[in-house]
Amino acid sequence: RPAALPMSAAASRIPLQRGDVALQGQPVFRIWAATPLNGRHRFFCGGRCMCGPRDDLKYNICTWVCVAVPSIFFFSVCAPFLWNEVSPVFPIAAAFFLLSTISSLLITCCTDPGILPKQPLVRMMHLEGVLEDATGYRQPNAATESVEQTIFDRDSGPVTLSSRQAEQGFKWCNTCRVIRPPRASHCADCNACVLRFDHHCPFVNNCVGQRNYVFFAWFLSSATLLGFAVVVGIAVWLQAAGSDGKMASSVVLVTGAAVAIPAALLGFSVMVFCCYHLSLSLRGKTTKEALTKKETHGATIWAARGPVLVPWRQVVHPISELEMSGPRHTAEP
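The numbers in the numbering used here rise by one with no breaks, and the one at position 302 of the sequence shown is 554.
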């Protein structure tokens, strides 16, 4: 068994073609960026954690800075005064909301949002049954069902959609070369299809979909409460410190402008976003469905997350002689 390649080496040296023995012994997460999978996710902790493309890194850092800076100022400057002079409730509540915000942000960033395995991976890992169970798609019987569309895939052969399946929302993804179920969508940023796709959020460096939407909603709620606790605590500290003459008025203004006002604006923005997603969940819609005005609806935050469909840490199966020498289907016009 060949040694596992680093992520960058796998992307450049493994041409991920059927019959290429260099794939044997490689875990899936190491070949995800190779052609023709061309996934853009990044993996950590031996494939246990994943996040979106490197292009989102600057936005994700911005999120962490917006959480960290007001919190550091609050706990280093305001918390001791509030604990002794006002009430320990302020620092305790803020600490709880901070831990909740950090935890939910980390889980949202590092959780598989519900990625569908791409056709080359389905064939190599024998995931046909897993994909059928996850999507609910079955090849229709042409003798008894009206055929809406027939796609000629170069590896799997003809794939058929009945009129009923098309009405339900089943679609063929030309990039991933799989039938995706209703409410799933292809994310151009990550180059993968995601179950019950809500949106791609660069600030959490991940897609928000079926498996991490509940964590995303948890993050929005926690960040809103953290912002409220921090802003109120800073305001109380500023008022008390200013009235007691413990600092010059210019320092009070600079501190308020540099920390309290931006924190209040950020907290208000997150609160609006949180309320928007609460309204979406009550209406049973995703962000994409609401923006595109699709008629589909169903449970979102209250729905089951489902299992991980791509076996990221499993080793690619050795390719049989039949697969290496078997004919390939050719696309028809």
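All C-beta atoms in this analysis are idealised placements derived from N, C-alpha and C, irrespective of residue type, glycine included.
Flag this pair as yes or no: are the beta carbons of residue i and residue j separated by less than 9 Å?
i: residue 542; j: residue 349; result: no
i: residue 539; j: residue 460; result: yes
i: residue 325; j: residue 511; result: yes
i: residue 304; j: residue 282; result: no
i: residue 448; j: residue 560; result: no
i: residue 330; j: residue 485; result: yes
i: residue 354; j: residue 321; result: no
i: residue 428; j: residue 444; result: yes
i: residue 442; j: residue 536; result: no
State the CB to CB distance for the pair residue i and residue j, rounded to an integer number of angstroms; the pair is presumed to be in contact (CB under 8 Å).
i: residue 524; j: residue 312; result: Incorrect: roughly 21 Å between the Cβ atoms, too far for contact.
i: residue 425; j: residue 416; result: Not really, about 19 Å apart at Cβ, beyond 8 Å.
Within 10 Å of its beta-carbon, does residue i have 16 or more other beta-carbons around it, so buried, or fewer, so exposed?
i: residue 409; result: exposed
i: residue 381; result: exposed
i: residue 513; result: exposed
i: residue 317; result: exposed
i: residue 372; result: buried
i: residue 398; result: exposed
i: residue 387; result: buried
i: residue 550; result: exposed
i: residue 517; result: exposed
i: residue 395; result: exposed
i: residue 507; result: buried
i: residue 356; result: buried
Cα-Cα, which of the options is closest to residue i?
i: residue 544; options: 474, 444, 435, 458; result: 435
i: residue 314; options: 363, 421, 453; result: 453
i: residue 522; options: 550, 475, 514; result: 475
i: residue 345; options: 323, 535, 396, 290; result: 323
i: residue 465; options: 281, 526, 378; result: 526
i: residue 479; options: 468, 416, 491, 515; result: 515
i: residue 534; options: 520, 297, 554; result: 554
i: residue 306; options: 562, 406, 285, 297; result: 285
i: residue 404; options: 342, 485, 430; result: 430
i: residue 552; options: 563, 562, 529; result: 529
i: residue 563; options: 493, 477, 310, 374; result: 374
i: residue 294; options: 477, 287, 309; result: 309
i: residue 351; options: 477, 365, 437; result: 477
i: residue 591; options: 556, 519, 469; result: Lying before the first or after the last residue shown, residue 591 is absent from the chain, which here runs from 253 to 585.
i: residue 546; options: 340, 328, 437; result: 437
i: residue 364; options: 450, 302, 520, 402; result: 302
Identify, in the order they occur along the chain, each residue of the same chain with its Cβ nearer than 6 Å to the Cβ of residue i, setting aside the five sequence neighbours on each side.
i: residue 272; result: With a pLDDT of only 46 at residue 272, under the threshold of 50, the placement of this residue in the model should not be trusted, and no figure is reported.
i: residue 359; result: 467
i: residue 439; result: 446, 452, 459
i: residue 500; result: In this prediction, residue 500 scores a pLDDT of 46, lower than 50, which makes its location untrustworthy; the coordinate-derived value is nonetheless stated afterwards. Same-chain partners within the cutoff: there are none.
i: residue 366; result: 446, 447, 461, 462, 463
i: residue 392; result: 412, 414
i: residue 557; result: 463
i: residue 423; result: 432
Who are the Cβ neighbours of residue i in its own chain at under 7 Å, not counting the five residues just before and after it?
i: residue 567; result: 277, 278, 279
i: residue 488; result: 334, 338
i: residue 390; result: 384
i: residue 548; result: 421, 434, 435, 541
Kindly list the residues whose CB is nearer than 8 Å to the CB of residue i, restricted to its own chain and excluding five residues on each side of it in sequence; keep chain order.
i: residue 565; result: 279, 280, 281, 298, 299, 300
i: residue 377; result: 280, 369, 563, 566, 568, 569
i: residue 594; result: With the chain covering 253 to 585 only, the question about residue 594 has no answer from this structure.
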